[in-house]
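Just below is one structure, and these are the notes that go with it.
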Amino acid sequence: MIISGATVCLVTFFYTCGAALALDRNIYDLSLDKLSDLVITDTKIGQSQETVTQKVELYYPEEFDQQTTYNGNIAELLKYSSGQFVNPLSRNDANWGSFGGLGPKYNGYLLDGLPIDSFADAMSLDPWAFGQVEIHKGPASVMYSNYLTMDFAGNEAPLAGITNFILKDRIDSPATRVMVGGGSYNTLTGRLFHQDRKENLNYFIGASYEQSDYTNYGTPNSWLNIINNPEYQKTRLYAKLTYLFDRDDHKLSLFAHHTQHSGDAGRPNRDFTHKYDTINASYSNQITQTVNFQLKSGYRNYDRRWAEDNFPADLGLREHDGVEQSIFPSDLTINFSHAGSSMLTFGADSQVATYKTFAEIDGIKKTGTDVSAYSTGLFLQEKYVLDKWVFRAGGRFNYTSHSYDLFNGISPAKRENSWDSFLWSTGLRYNLTPGIALYGNAASSFVAPSAKQLGGTLSAASAGVPGQNGQLPSLDLKPEKGIGSDIGLDLRPMDTMIIGIRGFFNQVDDAIVENVINATPSQSRSMNAGNALSYGFELNIDHKFAEAVRWFANLTYTASRVENPLDSDQNGADIPFVPDYIANAGITARLPLDISVSPYLHMVGDYYDSTSLSNRRKFGSYQLLNIRAQKKVFKNADYTLNATVDLNNLFDNRYEMPWQFRDPGFNAFGSLELTF
């Protein structure tokens, strides 16, 4: 009945908006105008979409302004895209969803082409810094490596795709945005952004602050045991400088971002303070008409610290735990264009990572896990464009080394490990007509077990012990190898409509999955789940119905299976965190009186939290309806004042999530934004 009611609401709204006023700026053409836009991620320099063998979706800030993101996670910007399950556990916790039917770590997140963490950085980065976001679906190019993060679900691989968050770069004119707002749970927010250009120097700076009493996001009688409001404060500061030399394609840039997130988890001795730092530095030069050179380097620092009490025995302070992780990614790429739109790309990249965990009791800090890692890769890709055909093939040699000093305070018997791997990627596209294109891709992947997956955050003796919440060790993990493939069709039956159909098949041998072992205490363990398979299809439609109305809908169906004949408890199970279906629908329309309304419906099917047939729990199905309404209060040649109201989870659906989290239900937020 909920789905039917929401459908009637959306359809009724759709047909009553046909006579709406024309938009001042036609930002809802979406894929129609974007067909001629350049994409960067495919070869690391701008090229036409019709030369890209993978399915590409482009998003711009104007589109993100039409939807709500009430958990403050940049993954929510992509929630209504097909092929992925976006599932932030709370405003204070990461996104535990899935990509390509394989789990939460199989989509590479990039910031201007350098890898970032889809868990921690997604909670940290401010989307006002983005100029566009590119989603490349399906098996990724060999030009991008795994991310060496050791925290959360471990190393992240681009087997199911890549999401590239591209920062604003060239500034054409000065502009300032100021926003203040407030909403449910005594949430208060302020944001500031300014951009300008001084001769060859382009720059922007930004800041935001949010505080909230928040509310209980745990299930009844859960290990979270939230007895007070889990208040938090979150501050972001960021800036970017871009210096253009003699040409726009010869530039040097530096971006820095800092986030501090502090608060508590709703009990007297469950405070936390998390600090995230992100730096990107890049130099690029179009040396000749055919040769482009790029050099990029970055720094990512994750400093997380939280308190643990003696629950359930008592609420007294037991200890402060923490994670300190630093990663230094670098990339050198050379592009050689030839034969019209064809492109040869080659280069090298590397990452250096350190990961430490600690426990602090009575001011004495003791290291638990101490691991360092190094990775380097050489890659080469040829993309050859022949009339209506696009052929792509590439290879990567990768070397990864881990050094283990401590696991749970003890030196392991095996102190080092290393792996060599050769990866390949290939793709084909045929542009039958300007409105019809066929494509297909296939690629391989290799992922080594990470420090947290191996050593956990608890000792083996902590299994089942009340109050010991975290991850149990799994020292015998093996690396996993995967192959991904897809095939698809893009249609443009009319100038105002885009239709996409894509099928995918992914397979991972010795897949490392995160299994929930106990609900109370909340404990999980990484395991090799044998052969993991996922396959399914995506259907997308995007239509500009009238001058002021645009609507979209998509459906993703996924079937997943674990094949492990040696373990009857896993054999035939579903891959964790993979819903059997996800559907989205939304409308954005401009109404009279300078009002725009955007209702977005999100529907999720059933999924499980473990590969254990005897111990797993089922989650879903549920539906979410979020609405953003905007009113242009004032506008002249210099100033624009907009008012916005967000209504989230309009059905007040308090659905349960893994680890005994739940959505807190209906909430609202209102804001005023001044642009000048």
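Okay, so the sequence shown: first residue is 1 according to the working numbering, each after it adds one.
We put the CB at the ideal spot given by N, CA and C, even for glycine.
- Query: In this structure, does DSSP put isoleucine 227 in helix, strand or coil?
  - Reply: In the sequence shown, the residue the question calls residue 227 occupies position 227. Here isoleucine 227 sits in coil by DSSP.
- Is it the case that the CB of isoleucine 499 approaches a heavy atom of the ligand MN more closely than 7 Å? Summarising the ligand content, the structure contains no ligands, and the ligand MN is consequently not present.
- Task: Inspect the beta-carbon positions of glycine 467 and alanine 313 and report whether they are closer than 8 Å.
- Result: Translated into positions along the sequence shown, residue 467 becomes position 467. Translated into positions along the sequence shown, residue 313 becomes position 313. Yes. Within cutoff.
- Task: Would you decide whether leucine 593 is buried or exposed? Buried here means 16 or more other CB atoms lie within 10 Å of its CB.
- Result: Translated into the one-based positions of the sequence shown, residue 593 becomes position 593. Leucine 593 is exposed by the Cβ-count criterion.
- Could you tell me whether the Cβ atoms of glycine 181 and glycine 670 are closer together than 8 Å? For the purposes of this step, residue 181 is taken as residue 181 along the sequence shown, with counting starting at 1. For the purposes of this step, residue 670 is taken as residue 670 along the sequence shown, with counting starting at 1. Cβ atoms of glycine 181 and glycine 670: closer than 8 Å.
- Helix or strand or just coil, what does DSSP make of threonine 51? Position 51 of the sequence shown, counted from the start, is the residue given in the question as residue 51. Helix at threonine 51.
- Query: Between the C-alpha atoms of glutamate 57 and phenylalanine 293, what's the straight-line distance to the nearest angstrom?
  - Reply: Here residue 57 refers to the residue found at position 57 of the sequence shown. Here residue 293 refers to the residue found at position 293 of the sequence shown. Approximately 26 Å, taken between the alpha carbons.
- When the Cα atoms are used, what is the spatial distance from glutamate 416 to serine 403? The residue given as residue 416 occupies position 416 in the sequence shown. The residue given as residue 403 occupies position 403 in the sequence shown. If you take the alpha carbons of glutamate 416 and serine 403, they lie about 5 Å apart.
- C-alpha gap between leucine 77 and alanine 413, whole angstroms: The residue labelled residue 77 in the question sits at position 77 within the sequence shown. The residue labelled residue 413 in the question sits at position 413 within the sequence shown. Near 44 Å, if we compare the C-alpha coordinates of alanine 413 and leucine 77.
- Are glycine 346 and asparagine 398 closer than 8 Å when you measure CB to CB? Your numbering for residue 346 matches position 346 in the sequence shown. Your numbering for residue 398 matches position 398 in the sequence shown. Residue identity check: residue 346 is phenylalanine in the sequence provided, not glycine. Not in contact: phenylalanine 346 and asparagine 398 (Cβ atoms no closer than 8 Å).
- Pull up the DSSP beta-bridge partners for tyrosine 581, would you. Numbered from its first residue, the sequence shown carries residue 581 at position 581. Beta-bridge pairing links tyrosine 581 to Tyr557.
- Message: Short of 6 Å in beta carbon distance, which residues of its chain neighbour glutamine 507, apart from the five on each side in sequence? Order them along the chain.
- Response: In the sequence shown, counting from the first residue as 1, residue 507 sits at position 507. Cβ within range, chain order: Ile483, Leu533.
- Task: With leucine 454 as the anchor, note down where its alpha helix (DSSP H) starts and where it stops.
- Result: To locate residue 454, count along the sequence shown from 1; it is residue 454. It spans 451 to 455 - the alpha helix (DSSP H) in which leucine 454 sits, taken as one unbroken run.
- Query: Using the C-alpha atoms, what's the distance from aspartate 663 back to glutamate 360?
  - Reply: Position 360 of the sequence shown, counted from the first residue, corresponds to residue 360. Position 663 of the sequence shown, counted from the first residue, corresponds to residue 663. Rounded to the nearest angstrom, the two C-alpha atoms are 32 Å apart.
- Are alanine 680 and tyrosine 109 close, meaning C-beta to C-beta below 8 Å? A question about residue 680 goes unanswered here, because the residues of the chain that appear run from 1 up to 676.
- Distance, Cα to Cα, leucine 252 vs glutamine 351? Within the sequence shown, the letter at position 252 stands for residue 252. Within the sequence shown, the letter at position 351 stands for residue 351. About 21 Å.
- Message: I'd like the list of long-range same chain contacts for aspartate 24, defined as Cβ closer than 7 Å, with 5 residues on each side in sequence excluded.
- Response: For this step, residue 24 is matched to residue 24 along the sequence shown. Annotation note: pLDDT 38 at aspartate 24 (below 50); position unreliable, coordinate value reported separately. Here the set comprises nothing.
- Task: Determine the closest residue to tyrosine 144 out of Val133, Lys240, Ala353, Thr163, with distance taken between C-alpha atoms.
- Result: Position 144 of the sequence shown holds residue 144. When each option's Cα is compared against that of tyrosine 144, the closest is Thr163.
- Please name the residue in Ala589, Leu192, Phe328, Ile40 whose C-alpha comes closest to that of glutamine 66. Residue numbering aside, residue 66 sits at position 66 when the sequence shown is read from its first letter. Ranking Ala589, Leu192, Phe328, Ile40 by Cα distance to glutamine 66 puts Ala589 first.
- Item | Expected contact under 8 Å - CB spacing of lysine 478 and asparagine 515 to nearest Å | Position 478 of the sequence shown, counted from the start, is the residue given in the question as residue 478. Position 515 of the sequence shown, counted from the start, is the residue given in the question as residue 515. Actually they are not in contact, since the Cβ atoms of lysine 478 and asparagine 515 sit about 16 Å apart, beyond 8 Å.
- Item | Coarse secondary structure for asparagine 679, derived from DSSP in three states | There is simply no residue 679 to check, as the chain begins at 1 and stops at 676 in what is shown.
- Message: Rounded to whole angstroms, what is the Cα-Cα separation between proline 658 and arginine 247?
- Response: Position 658 of the sequence shown, counted from the start, is the residue given in the question as residue 658. Position 247 of the sequence shown, counted from the start, is the residue given in the question as residue 247. If you take the alpha carbons of proline 658 and arginine 247, they lie about 51 Å apart.
- Message: Measuring alpha carbon to alpha carbon, tell me which residue in Leu378, Asn71, Val86, Asp606 is nearest aspartate 126.
- Response: For the purposes of this step, residue 126 is identified with residue 126 of the sequence shown, where counting begins at 1. That would be Asn71, whose Cα lies nearest to the Cα of aspartate 126.
- Query: Less than 8 Å separating the beta-carbons of glycine 488 and glycine 470?
  - Reply: Translated into the one-based positions of the sequence shown, residue 488 becomes position 488. Translated into the one-based positions of the sequence shown, residue 470 becomes position 470. No; because the gap between Cβ atoms is not below 8 Å, this pair is not in contact.
- So is glutamine 195 buried or exposed if we call it buried at 16+ other beta carbons inside 10 Å? By one-based count along the sequence shown, residue 195 stands at place 195. Counting Cβ neighbours within 10 Å, glutamine 195 comes out buried, since at least 16 surround it.
- Message: According to DSSP, is glutamine 289 part of a helix, a strand, or is it coil?
- Response: Taking the sequence shown and counting its residues from 1, one reaches residue 289 at position 289. It is coil, neither helix nor strand.
- Task: Pull up the distance between the alpha-carbon of leucine 591 and that of valine 645, whole angstroms please.
- Result: For the purposes of this step, residue 591 is taken as residue 591 along the sequence shown, with counting starting at 1. For the purposes of this step, residue 645 is taken as residue 645 along the sequence shown, with counting starting at 1. Those two C-alpha atoms are separated by around 15 Å.
- Message: Please tell me whether glycine 536 and tyrosine 557 are closer than 8 Å, where the distance is taken between their beta carbons.
- Response: The residue labelled residue 536 in the question sits at position 536 within the sequence shown. The residue labelled residue 557 in the question sits at position 557 within the sequence shown. A contact, by the Cβ cut-off of 8 Å.
- Task: Keeping to the same chain, check which residues put their C-beta closer than 6 Å to that of aspartate 117; ignore five residues upstream and five downstream.
- Result: In the sequence shown, the residue the question calls residue 117 occupies position 117. Result list for aspartate 117: Thr149, in chain order.
- Query: Between serine 184 and asparagine 642, what straight-line distance do the alpha-carbon atoms span, to the nearest angstrom?
  - Reply: Counting from one through the sequence shown, the residue named residue 184 turns up at place 184. Counting from one through the sequence shown, the residue named residue 642 turns up at place 642. Distance between the alpha carbons of serine 184 and asparagine 642: 20 Å.
- Could you pull the start and end residues of the beta strand (DSSP E) that aspartate 331 belongs to? Looking up residue 331 in the sequence shown gives position 331. Element bounds for aspartate 331: 317 to 338.
- When DSSP labels each residue in this structure, what does tryptophan 96 get in the three-state scheme? Within the sequence shown, residue 96 is the residue found at index 96, counting from 1. Coil at tryptophan 96, not helix or strand.
- Message: What does the alpha-carbon distance come out to for the pair proline 521 and leucine 224?
- Response: Walking along the sequence shown from the start, residue 521 turns up at place 521. Walking along the sequence shown from the start, residue 224 turns up at place 224. Those two C-alpha atoms are separated by around 9 Å.
- Query: With which residues is asparagine 653 paired in a DSSP beta bridge?
  - Reply: Residue 653 sits at position 653 when you count from the first residue of the sequence shown. Partner(s): none; asparagine 653 has no beta bridge.
- Message: What does the Cβ neighbour count give for arginine 628, buried or exposed, with the cut at 16 atoms within 10 Å?
- Response: The sequence position of residue 628 within the sequence shown is 628, counting from 1. Arginine 628 comes out buried.
- Item | Limits of the beta strand (DSSP E) - the one that proline 115 falls within | Locating residue 115 in the sequence shown gives position 115, counting from the first residue. Taken as a continuous stretch (DSSP letters only), the beta strand (DSSP E) holding proline 115 covers 114 to 116.
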